[in-house]
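One line per chain: the protein sequences are L and H, in this order. If you want our numbering, it's the 1-based position in the first sequence plus 23. If you want our numbering, it's the 1-based position in the second sequence plus 23.
2 protein chains.
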Amino acid sequence: MTGQRQVRDAEGWGAVNPGAESRLIEPATAAHWPDLWTIVEPIVRAGDTYALPRDLRAEEARDLWLAPPPSHTAVLRQDGHILATVRMGPNKPGPGSHIGTAAFMVAPAAHGRGIGRELGQYAVAWLRDRGYRGIQFNGVVQTNHAAVRLWQSLGFTIVGTVPDAFEHPEHGFVGLHIMFLPLVAG
Amino acid sequence: MTGQRQVRDAEGWGAVNPGAESRLIEPATAAHWPDLWTIVEPIVRAGDTYALPRDLRAEEARDLWLAPPPSHTAVLRQDGHILATVRMGPNKPGPGSHIGTAAFMVAPAAHGRGIGRELGQYAVAWLRDRGYRGIQFNGVVQTNHAAVRLWQSLGFTIVGTVPDAFEHPEHGFVGLHIMFLPLVAG
């Protein structure tokens, strides 16, 4: 039994995510970038889930997404295809660096297969294992209901909502949730 | 009557801030940096109000504090001495860029003279004049009571508090408030 399989059993991933057995989460490298950009670019251009410049250039996106340690980026592959990616690390420097954060991008064609959940669990485990005391999301778009529900199902709560802080291409000004998951007993 | 005096009268600054008449708020330039660093450095090194690396180098601090447009940095001078500084601009890029943010540093020796309030009013006016729809502070240290009260007196509310998100050198893990001031009618 591989270590990876053990993790899956411990988390029950195989049971809740049919098909997860053929998936692999591994650290991202520069060699992944061309494939990653095909996932990142349409999400950035759509401008409905992330407060990033919609005209972000590929090299800016690469520097942002493949940030050096202590940040960490992973890709989720299935049958050799990269379907999703997550970037994690400290949310703030210095006296705020014990709180982690993470950002997720899943190829639209791969939605609905539990991939966001799998990457979310990976990020929570990665940050917990490195001693982070909590995970903060700085701006979950209020209308991104699937994301809000997913994070809530992983234990995150909405700490607060900044009203009208995100200009959604269809819904206009909508709120941004700050969400938080403690990783140590209060 | 100068434009500056008119602004002061309109805001009532002269009345609430005795001594403010001899103060001048002006855009910061690279030439100000040596003086600015004498204010910024002890605040960064103390590590009790900002989530910045306590070992931040001068050139990193300069790039951070004197960020290019659309960010804007100002200094407050009195009798030729720089006593405080504020940096403002968009809080997030892209679909979040209509919300502003600001960071303030006041020389400890100049506390208690209404300088934070004066710079706060300046930042609110600057961001409002440029069409920002609100101002978000991403991490006001919970134990920085003077700052919390000041922003509340200017109309900011605490949207939420991320528990234990700041490691204070004396108080240990304390919360970070997200504070918000709407600049347009909801």
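The beta-carbon is built from N, C-alpha and C at its ideal position, and this holds for glycine as well.
8 Å CB neighbourhood of residue i in its chain, flanking five on each side removed
i	result
residue 203 (chain L)	157, 158, 159, 160, 179, 180, 182
residue 102 (chain L)	45
residue 165 (chain L)	171, 184, 189, 197, 198, 199, 200
residue 63 (chain L)	84, 88, 108, 128
residue 177 (chain H)	140, 143, 144, 147, 204
residue 96 (chain H)	50, 51, 88, 89, 90, 108, 109, 110, 111
residue 115 (chain H)	122
Chain-ordered chain L contacts of residue i [CB-CB under 8 Å]
i	result
residue 189 (chain H)	118, 119
Buried or exposed (CB count within 10 angstroms, at least 16 for buried), residue i
i	result
residue 50 (chain H)	exposed
residue 121 (chain H)	buried
residue 54 (chain L)	exposed
residue 168 (chain L)	exposed
residue 150 (chain L)	buried
residue 288 (chain L)	Any answer about residue 288 (chain L) is impossible in this case: the structure gives chain L only from 24 up to 209.
residue 195 (chain L)	exposed
residue 187 (chain L)	buried
residue 37 (chain H)	Confidence is the limiting factor: at residue 37 (chain H) the pLDDT is only 40, short of 50, which leaves the residue's position unreliable and the question unanswerable from this model.
residue 75 (chain H)	buried
residue 126 (chain H)	buried
residue 52 (chain H)	exposed
residue 81 (chain H)	exposed
Spatially closest choice to residue i from the options, by CA coordinates
i	options	result
residue 135 (chain L)	L:111, L:106, L:113	L:106
residue 143 (chain H)	H:119, H:90, H:206, H:173	H:173
residue 4 (chain L)	L:187, L:60, L:193	What the structure shows of chain L is the stretch from 24 to 209, and residue 4 (chain L) is not part of that stretch, so it cannot be assessed.
residue 154 (chain L)	L:176, L:187, L:207, L:58	L:207
residue 111 (chain L)	L:68, L:128, L:74, L:117	L:128
residue 193 (chain H)	L:56, L:104, L:118	L:118
residue 130 (chain L)	L:47, L:57, L:66	L:66
residue 94 (chain L)	L:113, L:69, L:176	L:113
residue 152 (chain H)	H:123, H:137, H:73	H:123
residue 58 (chain L)	L:163, L:104, L:175, L:116	L:104
residue 162 (chain L)	L:47, L:73, L:56, L:48	L:73
Interface residues of chain H facing residue i [CB-CB closer than 7 Å]
i	result
residue 166 (chain L)	Going along chain H, no residue has its Cβ under 7 Å from residue 166 (chain L), so there is no contact; the nearest lies around 12 Å.
residue 77 (chain L)	117
residue 138 (chain L)	The contacting residues do not exist; residue 138 (chain L) stays about 24 Å from chain H at best.
Chain-ordered neighbours of residue i on chain H, where CB pairs are closer than 9 Å
i	result
residue 182 (chain L)	182, 183, 184, 185, 186, 201
residue 70 (chain L)	117, 118
residue 105 (chain L)	The premise fails here: residue 105 (chain L) is roughly 24 Å from chain H at the closest Cβ pair, so nothing lies under 9 Å.
residue 48 (chain L)	Within chain H, no residue comes near residue 48 (chain L); the closest Cβ sits about 27 Å away, beyond 9 Å.
Residues that residue i contacts on chain L, provided the C-beta gap is smaller than 7 Å
i	result
residue 74 (chain H)	115, 116, 117, 118, 119
residue 131 (chain H)	Going along chain L, no residue has its Cβ under 7 Å from residue 131 (chain H), so there is no contact; the nearest lies around 18 Å.
residue 62 (chain H)	Per Cβ cutoff of 7 Å: no residues; residue 62 (chain H) is ~18 Å from chain L at best.
Chain L contact residues for residue i, given Cβ-Cβ distances below 9 Å
i	result
residue 205 (chain H)	186, 187
Residue i: contacting residues in chain H (beta-carbon distance under 8 Å)
i	result
residue 66 (chain L)	The contacting residues do not exist; residue 66 (chain L) stays about 12 Å from chain H at best.
Cut-off 7 Å between Cβ atoms - residues of its own chain near residue i, not counting five sequence neighbours on either side
i	result
residue 79 (chain H)	67
residue 70 (chain H)	77, 192
residue 133 (chain H)	106, 107
residue 138 (chain L)	99, 106, 107, 129
residue 175 (chain L)	none
Beta-carbon contacts of residue i that lie in its chain and below 6 Å, excluding the five residues immediately before and after
i	result
residue 48 (chain H)	97, 99, 145
residue 32 (chain L)	Its pLDDT being 36, under 50, residue 32 (chain L) is placed unreliably by the model, and nothing is read from it.
residue 56 (chain L)	85
Give, in chain order, every residue of the region 146 to 177 of chain L whose Cβ lies closer than 9 Å to some Cβ of chain H. Those residues of the region 146 to 177 of chain L placed with their C-beta closer than 9 Å to a C-beta in chain H are 156, 157, 159, 161, 162, 164, ordered along the chain.
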